[in-house]
Amino acid sequence: MPLALLALAIGAFGIGTTEFVIMGLLPEVAGDYGVSIPTAGYLVTGYALGVMFGAPLMTVLGTKVSRKRMLMLLMGLFIVGNLLSALAPAFAVMLIGRIVASLSHGAFFGIGSVVAADLVAPDKKAGAIAMMFTGLTVANVVGVPLGTLVGQSVGWRVTFGIVAALGVVGLAGIARLVPDMPKAEGVRLRHELAAFKNVQVLLAMAMTVLGFGGVFAAITYIAPMMTHTAGFADGSVTWLLVLFGLGMVGGNLVGGKFADRALMPMLYVSLGALSVVLALFTLTAHDKLLSAVTIALIGALGFATVPPLQKRVLDQAHGAPTLASAVNIGAFNLGNALSAWLGGLVIAAGFGYTAPNWVGAALAAGALVLAFISAALERRAGAPSSVVTGSAPAEQRTAVHH
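Mind the numbering: the sequence shown is residues 0 to 401 in numbering that gives the first Met the number 0, read in order.
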């Protein structure tokens, strides 16, 4: 794997840290600004909405520049947003900083996925995408717990300052290691938009929303579930989330490896197993050991779907994959928001803290059904299960020298 993937992974690490670390620092932020916890929660909601809308917006704006330059500009935006959050004199200013940082998220992973895939041979593309996403998964194991510890010990502003510094490292790495990849001639915005007329692209994005939504239906409410149902102490939740993060790392790497060999079978196995494990979580959540094992499995199976889903979008939108790839990152966040809302509804309806697991199981099962439908349509059309990138139009034929 080329060193350029390391630079992309560092950027992904910073982005993953800033996305999730705020959840552990809400009480400190709320206390400093004199707002309620629900109000401070807008820092999470605002970021998610920024990712959803920022992914296509920033990608469209970046169609006129090379991918390397756009990645550098996105990291610059990430740095500015986190510095603004660290120095914000008022809550509204911090919210603006969070939104500014979030605008880089979807486009970075979307464009970065295309760049990562172009850096390697056709049979290693999913593995390259997984290598970049490793930065995001490792952030949940290392960046988020350490960032939370620093924020609680010496102040949350220091945490966001450190995250901004990570952005500087990522920017320097991209500038130094990512090869110059000029925008391919003959590819225009209308070509990028045309990808959304492909039913297979839309099905892949729907699988992303439902499949990853299944994960966050359970994980969003993991703290009350583990403390009220499993009997863990409040302080144990951090280490349970580390287990979840370790599962994410392993699942991401395994998913990338096997997606290069058999993409659709990998989706069948991971989505099917995820649905079963989430359903079982309603039972295992009553036991400390079993719940800990289940949390790690949910992380592994959930992120085992990420490389194949992202590569599925790239394959099906092979003529102009950049916008579709970025929008698919927004689809992950849409799934997070949808599942969190549905999970909250079943808890509010009085079904208990384990009820979101059933929601997650149903969402993952829905994604599995869509995967079978997608494969059936593909067989009916007589298309191969994966497009050979070397025969794609101009955008994919751009030569990369490294």
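Where a beta carbon is used, it is the ideal one built from N, C-alpha and C, also for glycine.
This one's a predicted model, so the numbers in the text were calculated from it and none came from an experiment.
*asked:* Looking only at its chain, what residues have a beta carbon closer than 8 Å to the beta carbon of threonine 133, apart from the 5 residues adjacent to it on each side?
replied: Ala8, Ala11, Val248, Asn251 and Leu252
*Could you spell out where the alpha helix (DSSP H) holding threonine 228 opens and where it closes?*
Unbroken run through threonine 228: none, as it is neither H nor E.
*asked:* Please classify proline 26 as buried or exposed, where buried requires at least 16 other C-beta atoms within 10 Å of its C-beta.
replied: exposed
*Residue nearest to alanine 205 in terms of C-alpha spacing, selected from Arg311, Ala291 and Val168*: Arg311
_For a test of the three-state rule: what should DSSP assign to leucine 2, helix, strand or coil?_
coil
_Counted within 10 angstroms of its Cβ, other Cβ atoms place alanine 375 as buried (16 or more) or exposed_ = exposed
*Quick one: grab the DSSP three-state call for tyrosine 32.*
helix
*Which residue spans inside the region 229-285 form an unbroken alpha helix (DSSP H) run of at least 4?*
236-258 and 262-283
*Please classify alanine 393: is it buried, with 16 or more other beta-carbons within 10 angstroms of its beta-carbon, or exposed?*
Because the pLDDT at alanine 393 is just 39, under 50, the model does not fix this residue reliably, and the point stays unresolved.
*Is the Cβ-Cβ distance between leucine 73 and serine 103 less than 8 Å?*
yes
_Three-state secondary structure assigned by DSSP to histidine 190_ = helix
*Kindly provide the ranges of any alpha helix (DSSP H) runs that are 4 or more residues long and lie completely inside the region 320-352, ordered along the chain.*
320-347
*Going by alpha carbons, who is nearest to isoleucine 372 out of Ala203, Ile161, Gly49 and Met93?*
Ala203
_tyrosine 220 versus alanine 115 - alpha carbon distance_ = 33 Å
_Chain-order list of residues whose beta-carbon lies under 6 Å from that of alanine 366 (same chain, five-residue window excluded)_ = Met206, Leu209, Gly210 and Leu270
*How is the alpha helix (DSSP H) around proline 55 delimited, first residue to last?*
41-60
*Does the Cβ of lysine 67 have 16 or more other Cβ atoms within 10 Å, making it buried, or fewer, making it exposed?*
buried
*Hey, out of Ala120, Ala194, Phe243 and Ala85, whose CA is closest to alanine 138's CA?*
Phe243
_Close-in-space but distant-in-sequence residues of the same chain around leucine 56 (CB under 6 Å, 5 per side omitted)_ = none
_Own chain partners of valine 42 with C-beta closer than 8 Å, once the 5 adjacent residues on each side are dropped_ = Checking the sequence shown, residue 42 turns out to be leucine, not valine. Around leucine 42: Ile21, Leu25, Val28, Met93, Leu94 and Arg97.
*By a C-beta neighbour count over all protein chains shown, 10 Å radius and 16 as the cutoff for buried, is threonine 16 buried or exposed?*
buried
*asked:* Between which residues of its own chain and glycine 342 is the CB-CB distance below 7 Å, once the five residues before and five after are set aside?
replied: Ala216, Thr219, Tyr220, Pro355 and Val358
*Alpha carbon to alpha carbon, how far is glutamine 151 from tryptophan 340?*
28 Å
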